[in-house]
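Chains C and V are the protein sequences, given in the same order. So in the working numbering, spot 348 of the first sequence is number 348, and the numbers just go up one at a time. Adding 1000 to a residue's 1-based position in the second sequence gives its number in the working numbering. Input: a single structure, listed below in structure tokens.
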Amino acid sequence: MKSGGFSLNRVTAVLIKEFKQLTRDRITYAMMLAIPVAQLILFGYAINTEPRHLPTAVLIQEDSRHARSIVAALENSRYFDVVAQARSPAELDRLLRTGQVQFAVTIPGDFTRRVARGDKAQILVEADATDPSATGPAVAALAALPDQALRHDLTGALGLQGQPSAPFEVVVHRRYNPEAITAYNIVPGLLGIILSLTLVMMTALSVTRETERGTMETLLSTPLEPLEVMVGKLAPYVMVGLIQTAIILVMAATLFRVPMGGGWMGLAAGVALFITGSLALGFLISTVARSQLQAMQMSFFYILPSILLSGFMFPFRGMPAWAQWIGEVIPVTHFLRVVRGSLLKGQDLGDQWRELAALTAFVCVVTALAMARYRRTLD
Amino acid sequence: MSPPSANWAIDVHDLNKSFGDKHVVNDVTIQVQAGRICGFLGPNGSGKTTTLRMLCGLLTPDSGSGQALGYDIIAEADAVKLRTGYMTQKFSLYEDLTIAENLQFTARVYGLDRRRERVDAALERLGLASRRGQLAGTLSGGWKQRLALAAATLHEPRLLLLDEPTAGVDPKARRTFWDEIHALAAEGLTVLVSTHYMDEAERCHEIAYISYGRLIARGTAEQVISASGLVTFHGEGPNADKLAHELGKAPGVDTAAAFGASIHVSGENRAELEAAIAPYRGQGYRWAEAAPTLEDVFIQLMDRSQDNVP
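Okay, structure coming up:
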């Protein structure tokens, strides 16, 4: 038997061994199949960079035929779904600030009169431009509104045939991010993604390492209680999370000039809950994973949808309903809303209680699961 | 908590444990007197580790009951843990902490007083005082095990459970390790130690042999050997070792093994065994009856219990 040179037989030996090991490692195998399928479905169906049917609130200060025509035209464009009728400018503003609607449309009281007189009639469209890519296409579609909306209304006595300009104009205010700077949206979002990436993965690995190296068995044979191990192991990573948060916020303010709109209470609560939840999730993963490699893969399995379905990378409202439901279950989604809401919109605690409640639920559920799993590990 | 009773440090009955459909420990009953070193022997996968883990509260038995140091091993597992030192099969201290840091960690976990004093004393006893700042991962196999033993006894337990503590350790380090175990037992510590080494088994006060989850032999080394009823002959002569294969198949021979240039045959029936070696008498071979070794007995026990597997 010759030993020099390239031997196909020896390659085959390695190949067969490798393939057998691959099939024994079920999780790896599942990941290899699941990830492409998941990505295809996500990219193919869920992600849409031109969101339509965006929730819109209208404030109609005169109940007129023209006003109804404009609302109808907005809906006909398929970019706007009128979901709320505000009764006052304050209510309209609150709907936009809390993120319940993406657009707020005001039709002023003297609209019909001004149209009739040809006196610069205007409607005001305020867009929540924290995510410029979510509002961009809809805003572009508004350009056609003046020519279309009142066409049927204005064929009779008030007909303006032959008039060169449109009967009214649309004034667009891009709120919270008037210059449509993408970084304003991405940089606060990155806080959620970076915290997830490091904290979930670091804890998952740190606990799995103990199991893999056998030190966990020694820990369990001592008087240490599961909760004591968990708190002791996770506390250093709370520090890591807080330092990361500080670095990202300082860089956001200095390098990217992201507005710091206040809302510090909500932001602090959100960061605290999110760090705790991420660590508990990492701990939970480590109670399931049998090796550091598996822990790594499982963390990745969590982080992928966190990037794609949370509204971090693609507009949340561009996704179909089922994908939005999945997105609502992902903690990053709620955390991103808190961070963007605090920094860009200056939301206060009252505006954010829904998201904070969702994060609290995440922390409770994951911690309970992690504790329950940890107790049973050696049995 | 009930006070420690009787003289048994370990007194457990009919322990059972299954993982899935594998019955790993089957009605195991063990009693060990305080201050004794009990060797726990048996083939790989026979349930030794599982039994040790049940004794120190790492696993809950499916059924069975008993006491360790007078405390119920299930209801009072915490009390048992506090008074037991357990050393796992694998080196399970932190390789990326120094020798002293590992001991300090253990001292803190057990909430010991006079930590610095205890750690210094342990390092002194180990002879590692000058290397206290060295990372534990850089120690040789023998030193790692001695460090692990020091960590497992730092809280002055009254029961020590050792799971193959000297696997892969050189003979000199093993001897040092066992000297330490005897020194600890002399201070009143009870030790249950699993091993595959026959010389180590012979250094124990008594032996428990477990196979396929069942306890099948118990007593001192002499008792276990005499209870086996084994007869052994020792053969020397030209190429005596080459006979092992042939003789092993002969009726009446349970085991035939070559030792260097000589041969060692054992069987339970003296007449049959003598008949088997009769053809090889003369021809330059010299045969003499020898005392069966613990190894002969264990191989016989292993073969026998294998036959009983359903």
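Every residue, glycine too, gets a C-beta built ideally from N, C-alpha and C.
- DSSP places C:Cys364 in the helix class (H, G or I) of the three-state scheme.
- Contact annotation for V:Tyr1086 against chain C: Ser221 [CB-CB distance below 7 Å, chain order].
- DSSP lists C:Phe168 as the beta-bridge partner residues of C:Ala121.
- For V:Arg1286, no alpha helix (DSSP H) segment is defined; the enclosing uninterrupted segment is the beta strand (DSSP E) at 1286–1290.
- Annotation: the continuous beta strand (DSSP E) that includes V:Gln1033 extends over 1022–1033.
- In the assembly as shown, C:Arg175 is a buried residue. Its beta-carbon has 16 or more other beta-carbons within 10 Å.
- When the five nearest sequence neighbours on each side are left out, the beta carbons in the same chain lying within less than 6 Å of the beta carbon of V:Ala1077 are those of Gly1057, in order along the chain.
- Per DSSP, V:Thr1190 is not a residue of any alpha helix (DSSP H); the beta strand (DSSP E) it occupies stretches across 1190–1194.
- The three-state secondary structure of V:Tyr1071, taken from DSSP, is strand.
- V:Ile1181 sits close to V:Val1191, with the two beta carbons spaced by under 9 Å.
- CA-to-CA, the gap between C:Asn185 and C:Ile60 works out to about 30 Å.
- Not flagged as an interface residue toward chain V: C:Arg373, since no C-beta distance is shorter than 9 Å.
- Contact between V:Ala1100 and V:Leu1123 holds, with the beta-carbon distance rounding to 7 Å and staying under 8 Å.
- Within the same chain, and ignoring the five residues on either side of C:Leu369 in sequence, the residues whose Cβ sits closer than 6 Å to its Cβ are Leu284.
- Restricting attention to C:Val240, C:Ala104, C:Arg114, the CA atom closest to the CA of C:Leu124 is found in C:Ala104.
- Neighbours of C:Thr218 in chain V, taken as residues at a C-beta separation under 9 Å, are given in chain order as Tyr1086, Met1087, Thr1088, Ser1092, Leu1093, Thr1106, Ala1148, Ala1151, Ala1152.
- In the DSSP assignment, C:Pro55 falls within the unbroken beta strand (DSSP E) covering 54–60.
- Apart from the 5 residues on each side of it in sequence, V:Thr1084 sits with its Cβ closer than 6 Å to the Cβ of Cys1056, Pro1157, Leu1159 in its chain, given in chain order.
- With fewer than 16 other Cβ atoms inside 10 Å of its own Cβ, C:Cys364 counts as exposed.
- In this structure C:Trp264 is exposed. Its beta-carbon is surrounded by fewer than 16 other beta-carbon atoms within 10 angstroms.
- C:Leu344 and C:Thr130 do touch by the CB rule: their CB atoms are close to 5 Å apart, below 8 Å.
- Straight through space, the alpha carbons of V:Leu1243 and C:Thr211 are spaced by roughly 48 Å.
- In the DSSP secondary-structure assignment, V:Val1265 is bridged to V:Phe1233, V:Ala1256.
- According to DSSP, V:Cys1038 shares a beta bridge with V:Leu1192, V:Glu1206.
- When secondary structure is reduced to three states using DSSP, C:Arg354 falls in the helix class.
- Residues of the region 221–254 of chain C with a C-beta atom less than 7 Å from some C-beta of chain V are Ser221, Thr222, Pro223, Leu224, listed in chain order.
- Boundaries of the alpha helix (DSSP H) around C:Thr135: 132–141.
- The residue among C:Thr222, C:Val14, C:His66 with its C-alpha nearest the C-alpha of C:Gly109 is C:His66.
- Under the three-state reduction of DSSP output, C:Met201 falls in the helix class.
- V:Val1109 belongs to the set of residues whose beta carbon lies under 9 Å from a beta carbon in chain C.
- Using a Cβ-Cβ cut-off of 9 Å, V:Asp1113 does not count as an interface residue toward chain C, since no Cβ of chain C sits closer than that to its own.
- Contact of C:Thr215 with chain V by beta-carbon distance below 8 Å involves Ser1092, Leu1093, Tyr1094.
- What V:Asp1078 touches in chain C, judged by beta-carbon distance under 7 Å, is Pro223, going in chain order.
- At least one beta carbon of chain C lies nearer than 9 Å to the beta carbon of V:Cys1056.
- In this structure, the beta-carbon distance from V:Asp1062 to V:Lys1022 does not fall below 9 Å.
- In this structure, the CA atom of V:Ser1092 is about 12 Å from the CA atom of C:Leu220.
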